[in-house]
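Protein sequences appear in the order of chains Z and H.
Just so we're on the same page, our numbering is the position in the first sequence counted from 1, plus 9.
Just so we're on the same page, our numbering is the position in the second sequence counted from 1, plus 9.
There are 2 protein chains.
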Amino acid sequence: MKFSGINLLDELQKSELTDLRDVFHSRSAKKGAIIFSPEQDEDLVFIIESGKVRIYLGYEEKEFTLGILEPGDLYSSHAGCFVQALEDSSLLVTDVQSVKRCMAEVPLFNRTMVRVLGKILQNAFSVIGGLAFKDIYARLTAYLLKEAQESGVPFDGGLELELDLTIEQLSQILGATRQTVSTLLNNMVREGLVVKRGRSKWFIPDLKALEDVVNT
Amino acid sequence: MKFSGINLLDELQKSELTDLRDVFHSRSAKKGAIIFSPEQDEDLVFIIESGKVRIYLGYEEKEFTLGILEPGDLYSSHAGCFVQALEDSSLLVTDVQSVKRCMAEVPLFNRTMVRVLGKILQNAFSVIGGLAFKDIYARLTAYLLKEAQESGVPFDGGLELELDLTIEQLSQILGATRQTVSTLLNNMVREGLVVKRGRSKWFIPDLKALEDVVNT
DNA sequence: CATGTATTGTCGTCTATCCGACAAACATAC
DNA sequence: GTATGTTTGTCGGATAGACGACAATACATG
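If you want it as structure tokens, here you go:
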């Protein structure tokens, strides 16, 4: 899933933004490391250069994943979230001051910034809608459907889907317990909605059927 | 509650923004009227001039209130939300095209835009945190505490609080049913945490006690 | 191959919250 | 005053989903 819908790495390639590239410095993080946390109050903006990074809220023992960033995604460290590397990753980081300067000088950056914030906001609203209105089964099927549509690979009339998430991680995205998600997924298998293909690989034999379940 | 934390009406008074004022046109709405809804896809940006306006998500019969805007607040109509006038209100409206032009020409507007979006986003995250991690009682007490701190009037060692919400409306902010909120509120009354003072008016005899409940 | 660790499936118990129903209280209009 | 609508309080039943516990896998690593 492209979290913001806009690939900033591509944007940075554009010739207008040569000077912009220079304000970023690179920073790398090992798999599992927590890159930013809500306490530290440096205001930083960063772009994922490589790897995979998880944005999440934490409260006592519980965690809720807001999204997973991939190369080209932009985010800010001052939104009160944790940022954790899911794989060895490298980020392009800069401080908000520089960003402000850029916004004044480079109009394109500006519009991009607003666009990205808008996308993130829309995503946040849809998360709220899910939590407020839908039960876990509905959130699960909707999530699978979206992932399948965005990154499923056609195979034998159906779709193959590589989620690359443990059940535990999936449950943190859905806002549920590991146990509940595990049980619901297995119910879906029994009903033939999905077929298990090994470590976090799934096959959806009939996308229509899944759509029908989601739209009810 | 100031939804975005920034009063755009004040900002518009600033001399730098004279031309900006001209791109907005006024629009009024009667109490209860739905001003924008998610289907209509005009991309508009608006500022509350007078009155009170509710931003909410809707799904089937249910509604979840994201926030209530007051004069000076800015919002955008393309975020997939309903916008409803809680009282007779008037808005300053403009389309996104004009906003983009302004962003290029007036740097101040730009920064303000990003700042407002940031605030809204932070609010959205705290809503998600509430829904994901806390039960309704915790959300209720936290809400009352925040309102008391922001707009409570000192009285006789405690705070008087005019919420101006029916229980039903309050329950839509908290993401719960009317009945549950009603019961929990009356429990709080019995425990002496709050005292009822008539139609949506409350008295908090001991703010510390309320804080203690919230921080556990 | 053996051993340790991480991931998954499943079951029973427990509780917060929803939902429908209804009456009481209150406000508003006639 | 009475009548009518709106807002509230409360109760009992139903249930989704949390939680703890444990066994069964699968996976990695020496």
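Even glycine gets a Cβ: it sits at the ideal position worked out from N, Cα and C.
This structure is a prediction, so every number in the text was calculated from the model and none was measured.
For Z:ARG63, the enclosing beta strand (DSSP E) covers residues 62-68. If only complete runs of 3 or more residues are kept, the region 96-126 of chain H shows the beta strand (DSSP E) at 98-104, in order along the chain.
Going by DSSP, Z:THR225 is part of no alpha helix (DSSP H) at all; its letter is neither H nor E. Within chain Z, the residues whose beta carbon sits less than 9 Å from that of H:TYR68 are GLY138, ALA141, PHE142, LYS143, listed in sequence order. For the pair Z:ALA94 and Z:ALA38, the CB atoms are nearer than the 8 Å cut-off.
Residues of the region 105-120 of chain Z whose Cβ lies closer than 8 Å to any Cβ of chain H, in chain order: LYS109, MET112, ALA113, PRO116, ASN119, ARG120. Residue state for H:VAL203 is assigned as coil, using DSSP reduced to three classes.
Less than 8 Å separates the beta-carbon of Z:LYS40 from that of Z:GLU96. For H:LYS128 against H:SER98, the beta-carbon gap comes to about 21 Å, at or over 8 Å, which does not count as contact. Residues of the region 122-134 of chain Z with a C-beta less than 9 Å from any C-beta of chain H: MET122, VAL123, LEU126, GLY127, ILE129, LEU130, GLN131, ALA133, PHE134, listed in chain order. Restricting attention to beta strand (DSSP E) runs no shorter than 3 residues, the region 153-223 of chain Z encloses them at 162-164, 167-171, 210-213, ordered along the chain. The beta-carbon distance between Z:SER35 and Z:VAL54, rounded to whole angstroms, is 14 Å. This is too long to meet the 8 Å contact definition.
Nearest neighbour of H:ASN132 by Cα position, chosen from H:ILE64, H:LEU202, H:PHE212, turns out to be H:ILE64.
Taking a cut-off of 8 Å for Cβ pairs, the region 68-75 of chain Z and the region 106-115 of chain Z do not touch, as fewer than three such pairs fall below it. The beta carbon of Z:THR150 is closer than 6 Å to those of VAL222, VAL223 in its chain, skipping five residues each way along the sequence. Between the alpha carbons of Z:ASP19 and Z:GLY81 lies a gap of roughly 7 Å. No Cβ of chain H is located within less than 8 Å of the beta carbon of Z:LYS23. A residue is called buried once 16 or more other Cβ atoms fall within 10 Å of its Cβ, and H:PHE73 is buried on that count. DSSP places Z:GLU20 inside the alpha helix (DSSP H), whose first and last residues are 17-22.
In this chain, the beta strand (DSSP E) harbouring H:GLU58 covers 53-59. In this model, H:ASN16 and H:PRO163 are separated by some 25 Å (Cα to Cα).
According to the DSSP assignment, Z:ASP31 belongs to the alpha helix (DSSP H) that extends over 27-32. Residues SER209 of the same chain have their beta carbon placed closer than 6 Å to that of Z:LEU172, with the five preceding and five following residues left out of the count. Under the three-state reduction of DSSP output, Z:GLY76 falls in the strand class.
For H:ALA88, the neighbours in chain Z by C-beta distance under 8 Å run, in chain order, GLY127, LEU130, GLN131, PHE134.
Against chain H, the CB of Z:LYS71 has a partner CB under 8 Å away; the residue lies at that interface.
Approximately 6 Å separates the beta-carbon atoms of Z:LEU202 and Z:LEU219; this is inside 8 Å, confirming the contact. With a threshold of 16 other beta carbon atoms within 10 Å, H:ILE44 meets it and is buried.
Annotated three-state conformation of Z:GLN93 is strand, per DSSP. Among the residues of the region 162-185 of chain H, those with a Cβ less than 7 Å away from any Cβ of chain Z are GLY184, in the order of the chain. The DSSP-derived three-state label of Z:ALA42 is coil. Per the coordinates, the alpha-carbon of Z:VAL32 lies some 24 Å from the alpha-carbon of Z:ILE77.
Here DSSP, grouped into helix, strand and coil, assigns Z:SER85 to strand.
For H:GLN178, the closest alpha carbon among the candidates H:LYS109, H:GLU200, H:GLN188 is that of H:GLN188.
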